[in-house]
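Here's the structure, in structure tokens; my notes come after.
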Amino acid sequence: EAINIGSGLKFCAILEARAGVYKRFEKLNIWDIVAGDFLINQNGGFMGDFSKKYILYNPLNYKSSPFICVSSRNFLQDFL
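Numbering-wise (this note's numbering), the sequence shown opens with residue 59 and increments by one.
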């Protein structure tokens, strides 16, 4: 079931195990996702592109690439 909330709250839902995956296909400003990226990866999840590579933050355009965020690296294969 899709949840219609802001990206920051989606990261919280992942961290609190109320959601298992967050897929984003549109580009976001990097400042909207960098804290979530850090917290997810520090807590055993994964946030990166659809090729399973970590996000590279490009200060030249300040936009993220499409990404997937999962609560556990074990779930990554299930959602790609």
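Cβ coordinates follow ideal geometry from the N, Cα and C atoms, glycine included.
**Message:** Taking the straight line between their C-alpha atoms, what separation do you get for Lys68 and Ala77?
**Reply:** 8 Å
**Request:** Kindly give me the distance between the Cβ atoms of Gly103 and Ser130, rounded to whole angstroms, as I take these residues to be in contact under 8 Å.
**Result:** 6 Å
**Request:** Report the residue from Gln135, Arg82, Asn119 whose alpha carbon sits nearest the alpha carbon of Asn62.
**Result:** The shortest C-alpha separation from Asn62 is found at Arg82.
**Prompt:** What separation, rounded to the nearest whole angstrom, lies between the Cα atoms of Ala139 and Val128?
**Reply:** Residue 139 is absent from the structure shown; the chain starts at 59 and stops at 138.
**Asked** On the three-state DSSP scale, how would you describe Gly106?
**Response** strand
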